Amino acid sequence: MIQHHLILRVVTKLLVGTIIVFALYVQFHGDFSPGGGFQAGVIMAVAFIIYGIVFGLEKVKQVFPAWIVHKMVALGVLIYAGTGVVSMFLGYDYLDYGAFSPHHPTHGQHWGLLIVEFGVGVTVTGVMVAIYYAFAGRPPAISDEDW
Amino acid sequence: MTLYLLAIEILSWICIVGGGAFAIIGAIGSVRFPDFWSRLHAASVTDSAGMILLLLGMCLQAGLSLITVKLILIGVFLFITGPTSTHAVANAALVSGLKPRDGAPEDEK
Numbered sequence: 001m002i003q004h005h006l007i008l009r010v011v012t013k014l015l016v017g018t019i020i021v022f023a024l025y026v027q028f029h030g031d032f033s034p035g036g037g038f039q040a041g042v043i044m045a046v047a048f049i050i051y052g053i054v055f056g057l058e059k060v061k062q063v064f065p066a067w068i069v070h071k072m073v074a075l076g077v078l079i080y081a082g083t084g085v086v087s088m089f090l091g092y093d094y095l096d097y098g099a100f101s102p103h104h105p106t107h108g109q110h111w112g113l114l115i116v117e118f119g120v121g122v123t124v125t126g127v128m129v130a131i132y133y134a135f136a137g138r139p140p141a142i143s144d145e146d147w
Numbered sequence: 148m149t150l151y152l153l154a155i156e157i158l159s160w161i162c163i164v165g166g167g168a169f170a171i172i173g174a175i176g177s178v179r180f181p182d183f184w185s186r187l188h189a190a191s192v193t194d195s196a197g198m199i200l201l202l203l204g205m206c207l208q209a210g211l212s213l214i215t216v217k218l219i220l221i222g223v224f225l226f227i228t229g230p231t232s233t234h235a236v237a238n239a240a241l242v243s244g245l246k247p248r249d250g251a252p253e254d255e256k
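Rendered as structure tokens:
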């Protein structure tokens, strides 16, 4: 019975790293191919959720503790809003990415979009994993003996 | 050269239409078959034959490019995850007490 989920465990170990690499690809190639912060965040969260489903909630909480998840939810919004505040301090409008490279506004827009999308990805990852932890960590309403 | 391109085109469309036919057959089978195990079998036809033929046809359409590499990667991962998910579903059904029946169905004897 210990080896019961052997196939699932082997395939999951094979896939988790690949899913994370794919999430980073979607994150940082969002301006060249379909993707962006939201999709990358969900894919990144899927890597942790699939690990938690197959290996158990305790194992995934050792890798990705709940306090880090909760900090990530706020950190992403902070990165997004902070980008806008920094551009305001540089004398431009809120979230005017031209501020980051005054002589070459297109480059500044590239940088700004990259940072803002990174913030979106961090928040979405945190929210998805936090929802999974909240559902999976709930004590069962009916135990197995009650059936 | 044009003959070569025509041959590639014909081959790729044979693959795509064949893959689509397998997918439709799999969908009909997973609705119309009588019990869980034969439905699972029908769904796995879509997974293997239909997926391989469709991706092969699209690879031939794309030629030698980055898209072909991405299609091959999609094929490799579907090749790993499809049978795994079928295994997980069948395993869960077997553990929860659904046994495959042998011989003729009882209600049609």
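Protein chains in written order, with this note's numbering: chain A, 1 to 147; chain B, 148 to 256.
Beta carbons are placed, not taken as given, at the ideal position from N, Cα and C, and that holds for glycine.
Since this is a predicted model, take the numbers as computed values, not measurements.
Here residue 142(A) carries a coil assignment [DSSP, helix/strand/coil].
If you draw a 10 Å sphere on the C-beta of residue 118(A), you find 16 or more other C-beta atoms in it, and that means buried.
For residue 215(B), not one C-beta of chain A is nearer than 8 Å to its own C-beta.
Residues of chain B with a Cβ closer than 9 Å to the Cβ of residue 50(A) do not exist; the shortest Cβ-Cβ separation is about 10 Å. If you look at residue 9(A), you'll find it in the alpha helix (DSSP H) that goes 6–28. Sequence-distant partners of residue 229(B) (beyond 5 residues in either direction) whose C-beta falls short of 8 Å from its own C-beta, in its chain, are 191, 194, 195 and 198. For the pair residue 26(A) and residue 43(A), the CB atoms are nearer than the 8 Å cut-off. Spatial neighbours of residue 215(B) in its own chain (CB-CB distance under 6 Å, excluding positions within 5 residues in sequence) are listed in chain order as 206 and 209. Proximity of chain B to residue 42(A) at the Cβ level (cut-off 7 Å) is not reached, the minimal Cβ distance being about 17 Å. From the listed residues 68(A), 135(A) and 15(A), the smallest Cα separation to residue 50(A) is found for 15(A). As summarised for the segment 65–98 of chain A, the continuous alpha helix (DSSP H) elements at least 4 residues long and confined to that stretch are 66–89, given in chain order. In this structure, 57(A) is the residue among 38(A), 57(A) and 19(A) with its C-alpha nearest to the C-alpha of residue 138(A). The C-beta of residue 143(A) has fewer than 16 other C-beta atoms within 10 Å across all chains shown, which makes the residue exposed. Look at the beta carbons and you see the segment 159–176 of chain B not touching the segment 87–103 of chain A: under three pairs across the two are nearer than 8 Å. Collapsing the DSSP output to three states places residue 180(B) in coil. If you check the CB distance, residue 222(B) and residue 163(B) do not come in under 8 Å. The beta carbon of residue 209(B) does not come within 8 Å of any beta carbon belonging to chain A, so the residue lies off that interface. For residue 165(B), the secondary structure class from DSSP, reduced to helix, strand or coil, is helix. Nearest C-alpha to residue 248(B) among 184(B), 227(B), 213(B) and 238(B): 184(B).
In summary, the residues of the segment 7–32 of chain A whose CB is separated from some CB of chain B by less than 8 Å are 7, 8, 11, 14, 15 and 18, in the order they occur in the chain. For the segment 152–180 of chain B, the set of positions with a beta-carbon nearer than 7 Å to some beta-carbon of chain A is empty. When the five nearest sequence neighbours on each side are left out, the beta carbons in the same chain lying within less than 6 Å of the beta carbon of residue 64(A) are those of 48, in order along the chain.
Straight through space, the alpha carbons of residue 116(A) and residue 110(A) are spaced by roughly 10 Å. Neighbourhood of residue 235(B) in chain A, by CB distance below 9 Å: 5, 7 and 8, in chain order. Listed in chain order, the beta strand (DSSP E) elements of length 3 or more contained wholly in the segment 190–237 of chain B amount to none. About 7 Å separates the Cβ atoms of residue 76(A) and residue 126(A), confirming a contact at the 8 Å cut-off. Distance from the Cα of residue 200(B) is smallest, within the candidate group 234(B), 219(B), 186(B) and 187(B), for 219(B). The C-alpha of residue 45(A) lies about 12 Å from the C-alpha of residue 72(A).
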